[in-house]
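Structure, as structure tokens:
Number of protein chains: 2
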Amino acid sequence: MKKIKLISLTNIIIFIFTLNTFSAQTQNTYTMQRDTVFAKGEKIDTGNFTGIAYLNVLIASDKENPTAVGNVTFEPKARTKWHLHPAGQILLVTDGVGYYQEKGQPKKILRKGDVIKCPANVEHWHGASADTYFVQVAITNNDKGNAVWLHAVSDEEYYK
Amino acid sequence: MKKIKLISLTNIIIFIFTLNTFSAQTQNTYTMQRDTVFAKGEKIDTGNFTGIAYLNVLIASDKENPTAVGNVTFEPKARTKWHLHPAGQILLVTDGVGYYQEKGQPKKILRKGDVIKCPANVEHWHGASADTYFVQVAITNNDKGNAVWLHAVSDEEYYK
Chain A
1 MKKIKLISLT NIIIFIFTLN TFSAQTQNTY TMQRDTVFAK GEKIDTGNFT
51 GIAYLNVLIA SDKENPTAVG NVTFEPKART KWHLHPAGQI LLVTDGVGYY
101 QEKGQPKKIL RKGDVIKCPA NVEHWHGASA DTYFVQVAIT NNDKGNAVWL
151 HAVSDEEYYK
Chain B
1 MKKIKLISLT NIIIFIFTLN TFSAQTQNTY TMQRDTVFAK GEKIDTGNFT
51 GIAYLNVLIA SDKENPTAVG NVTFEPKART KWHLHPAGQI LLVTDGVGYY
101 QEKGQPKKIL RKGDVIKCPA NVEHWHGASA DTYFVQVAIT NNDKGNAVWL
151 HAVSDEEYYK
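Written as structure tokens, this is what we have:
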């Protein structure tokens, strides 16, 4: 009788552990899918990026409202070239870990919830950290012209 | 012996149900916290909203870049008054379920990942659905002036 009770108790404990493990796995998967607010979009092939990145154009600029909004997803190590915007740019970090650097300034580490206001005509780059993907919403006012693209961010600059 | 086995089996089944219920509750709480990219900010007391809503100013407009970005969280049934923007507005839905309506048009239901480009000087309102909170990022170009606030959205208009 005692032996049977012990076996039943062992069974229950095994069940609890199994369920908890299963639950933890489900949560992780679910959370990663849910965290990405916008679809990844299309692979960027403009030559203005190093590594693999994706753009989902959320809002195109037009004559009435010159503000363009795009969701950019960078795979680890992917980054923009150095560039500048004639009317500045705003970045909203929605997921992952990334970098942002203005010329002559140290590299900043960006995480979900961080925001950046990049001044007009200031050379800068942004992208994913070395080990983690990075997702940002870029808000760009194009009424003074489009971005001016410069040279690639070297590995030396990237890892500094 | 058979009776004891049956009791143990019943115990196990009860445990499974209990754990599943607990797990579902934990997941919901966790997901809601993770889904909110930006902090809720401060309760809005401008008189331009019906119900309870919160604003987190992410980026203020300035002379160089007239684009303002704010994260707005609406509790269920909360909504803006009817209003318009002299240079239009862009809304990015980051969580929850909400409504958007332009004057003379049917109400649109908005969910995470939806985007809205509201034209300049078009009367509109936005807010949460009746049962669910709603989180949006509002991108407003203030170079032609601030929002013009009109009358409240009546319950009749809201539920239509």
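These protein sequence lines are chains A and B, in that order.
The opening residue of the first sequence carries number 1 in the UniProt record's numbering; numbering runs sequentially from there.
The opening residue of the second sequence carries number 1 in the UniProt record's numbering; numbering runs sequentially from there.
Glycine included, every Cβ here is placed at the ideal spot set by N, Cα and C.
Bear in mind the structure is a predicted one, so any value in this text is a computation, not a measurement.
Three-state secondary structure assigned by DSSP to residue i
i	result
residue 157 of chain A	helix
residue 122 of chain A	coil
residue 64 of chain B	coil
residue 38 of chain B	coil
residue 44 of chain B	coil
residue 102 of chain B	strand
residue 91 of chain B	strand
residue 133 of chain A	coil
residue 141 of chain A	strand
residue 151 of chain A	coil
residue 78 of chain A	coil
residue 83 of chain A	strand
residue 24 of chain B	Unreliable placement is indicated for residue 24 of chain B, whose pLDDT of 41 sits below 50; the coordinate value is still reported in the next sentence. Here residue 24 of chain B sits in helix by DSSP.
residue 108 of chain A	strand
residue 113 of chain B	coil
residue 51 of chain B	coil
residue 146 of chain A	coil
Inter-residue Cα distance where the pair is residue i and residue j
i	j	result
residue 41 of chain A	residue 57 of chain A	8 Å
residue 43 of chain A	residue 76 of chain A	14 Å
residue 71 of chain A	residue 137 of chain A	4 Å
residue 97 of chain B	residue 108 of chain B	11 Å
residue 60 of chain B	residue 155 of chain B	32 Å
residue 150 of chain B	residue 95 of chain B	26 Å
residue 144 of chain A	residue 160 of chain B	42 Å
residue 140 of chain A	residue 62 of chain A	12 Å
8 Å Cβ cutoff met for residue i and residue j
i	j	result
residue 126 of chain B	residue 80 of chain B	yes
residue 69 of chain A	residue 90 of chain B	yes
residue 47 of chain B	residue 78 of chain B	no
residue 114 of chain A	residue 135 of chain A	no
residue 185 of chain B	residue 101 of chain B	Absent from the structure is residue 185 of chain B, since the part of chain B shown begins at 1 and ends at 160.
residue 73 of chain B	residue 54 of chain B	yes
residue 120 of chain B	residue 146 of chain A	no
beta-carbon residue i near the ligand NAP non-hydrogen atom, thresh 7 Å
i	result
residue 152 of chain B	The model on display carries no ligand, and the ligand NAP is accordingly not part of it.
Residue i at chain B interface by Cβ criterion, 8 Å
i	result
residue 103 of chain A	no
residue 119 of chain A	yes
residue 146 of chain A	no
residue 153 of chain A	no
residue 64 of chain A	yes
residue 98 of chain A	no
residue 112 of chain A	yes
residue 58 of chain A	yes
residue 94 of chain A	yes
residue 142 of chain A	no
residue 44 of chain A	no
Cutoff 8 Å: residue i Cβ touching any chain D Cβ
i	result
residue 37 of chain B	Annotation note: the requested chain D is absent from the structure, which comprises protein chains A and B.
C-beta neighbour in chain A for residue i, strict 8 Å
i	result
residue 77 of chain B	no
residue 48 of chain B	no
residue 87 of chain B	yes
residue 115 of chain B	yes
residue 109 of chain B	no
residue 137 of chain B	yes
residue 67 of chain B	yes
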